[in-house]
Amino acid sequence: MLSSCSTINAIFGPSEPESTAAPAGDQQLASENEQLGAEVAALRAELKQVNQDIADKKAQATASPKPERVATPVDRLWVTVSFRSGYMELTRESRKALSRLAKKFLSKPREQSIEVRGYTDDEPIGGYPGHRHKPHHPYKTNMALSHARATNVAQALIDACIPNDSVRALGFGASNYVADNATAEGRQRNRRAEIHLVRN
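Here it is in structure tokens:
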């Protein structure tokens, strides 16, 4: 009589021994993992080098900062010269102040020229009907008076050695400045010449 094992072997044949070798798919995965690990390590080394380069550049910039070039404004109001009502002449004090201003302008190289802009208040030349007065100048309009004020300021700057081609005078007539012409303070502030630094 056959044993149970012999019966099974007789029917199905002897069982195959279990394989100890890893399947081909597992070997391929292991190889790919090893390759990916090497690539990740290389990328990490490259990133470390990039970070080091950035740190070195920052350290150099901090150690020796480059001087920044300051942009020059296109048009900047520098000084305002006031005038008495109906006058275009400069006072002695104004001439002294303009002489000091010219020395300051000439003391360093500049990329600007000077533009003098003259203004008046809105009172008609010679006053209003019923309140007439004799003007202290030969001009018939506020536009002409404003230009004469600007010209006198410009000439004072030229007399103080600023080159003639660096100064220009313009008249703008009656002005509404910060204060209104209806008040004495407003009229005074509108009787002026503005000295502007204008970029060439």
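So the sequence shown is residues 1 to 200, counted in UniProt numbering. For glycine and all other residues, C-beta sits at the position ideal for the given N, C-alpha and C. From a predicted model like this one, the values you see are computed outputs, not experimental measurements.
* Asked: For the putative contact between R117 and E194, defined by C-beta atoms under 8 Å, what is the C-beta separation to the nearest angstrom?
  -> Start at 1 with the first residue of the sequence shown, and residue 117 comes out as number 117. Start at 1 with the first residue of the sequence shown, and residue 194 comes out as number 194. That belief holds up - the Cβ atoms of R117 and E194 are roughly 5 Å apart, short of 8 Å.
* Asked: Thinking just about the alpha-carbon of each residue, which of K58, S85, Q49 is nearest to the one in G186?
  -> On the sequence shown, residue 186 is found 186 positions in, with the first residue counted as 1. Of the listed residues, the one whose Cα sits closest to G186 is S85.
* **Helix, strand or coil at L2 according to DSSP, with G and I counted as helix** => Taking the sequence shown and counting its residues from 1, one reaches residue 2 at position 2. Here the model assigns L2 a pLDDT of 46, short of 50, so the residue's position is not dependable and the matter cannot be decided.
* Length of the line joining the Cα atoms of D53 and A59 -> What you label residue 53 is simply residue 53 of the sequence shown in a count that begins at 1. What you label residue 59 is simply residue 59 of the sequence shown in a count that begins at 1. D53 and A59 have their alpha carbons spaced roughly 10 Å apart.
* At what residues does the beta strand (DSSP E) containing V153 begin and finish? -> The residue labelled residue 153 in the question sits at position 153 within the sequence shown. Segment 142-159 is the alpha helix (DSSP H) holding V153; no beta strand (DSSP E) there.
* Give the single residue among G127, K134, Q188, V153 whose Cα lies nearest to the Cα of V79. => Here residue 79 refers to the residue found at position 79 of the sequence shown. Ranked by how close their Cα comes to the Cα of V79, the residues G127, K134, Q188, V153 have V153 in first place.
* Asked: With R95 and A156 assumed to form a contact (beta carbons below 8 Å), what rounded beta-carbon distance in angstroms separates them?
  -> For the purposes of this step, residue 95 is taken as residue 95 along the sequence shown, with counting starting at 1. For the purposes of this step, residue 156 is taken as residue 156 along the sequence shown, with counting starting at 1. Indeed, because the Cβ distance is near 6 Å, the residues count as touching under 8 Å.
* Limits of the alpha helix (DSSP H) - the one that L101 falls within -> Taking the sequence shown and counting its residues from 1, one reaches residue 101 at position 101. Unbroken alpha helix (DSSP H) run through L101: 92-106.
* Asked: With distances taken between CB atoms, is the gap from R191 to T120 smaller than 7 Å?
  -> Residue mapping note: residue 191 aligns to position 191 of the sequence shown, counting from 1. Residue mapping note: residue 120 aligns to position 120 of the sequence shown, counting from 1. Note that the C-beta distance between R191 and T120 is below 7 Å.
* **S107 classed as buried or exposed, judged by whether at least 16 other C-beta atoms fall within 10 angstroms** => On the sequence shown, residue 107 is found 107 positions in, with the first residue counted as 1. Note on S107: under 16 other CB atoms within 10 angstroms of its CB, so exposed under the neighbour-count rule.
* Give the C-beta separation of H137 and L145 to the nearest angstrom, bearing in mind that I take them to be a contact with Cβ-Cβ under 8 Å. => As a first step, residue 137 is located in the sequence shown; it is residue number 137 there, counting from the start. As a first step, residue 145 is located in the sequence shown; it is residue number 145 there, counting from the start. Indeed they touch by this definition, with Cβ atoms about 6 Å apart.
* **Element boundaries [alpha helix (DSSP H), containing E194]** => To locate residue 194, count along the sequence shown from 1; it is residue 194. No alpha helix (DSSP H) contains E194, which is instead part of the beta strand (DSSP E) from 192-199.
* Identity of the residues DSSP links to Y128 by a beta bridge -> For the purposes of this step, residue 128 is taken as residue 128 along the sequence shown, with counting starting at 1. Y128 pairs with H131.
* Asked: Taking the continuous beta strand (DSSP E) assigned at E115, which residues delimit it?
  -> Counted from its first residue, the sequence shown places residue 115 at position 115. In the DSSP assignment, E115 falls within the beta strand (DSSP E) that extends over 112-120.
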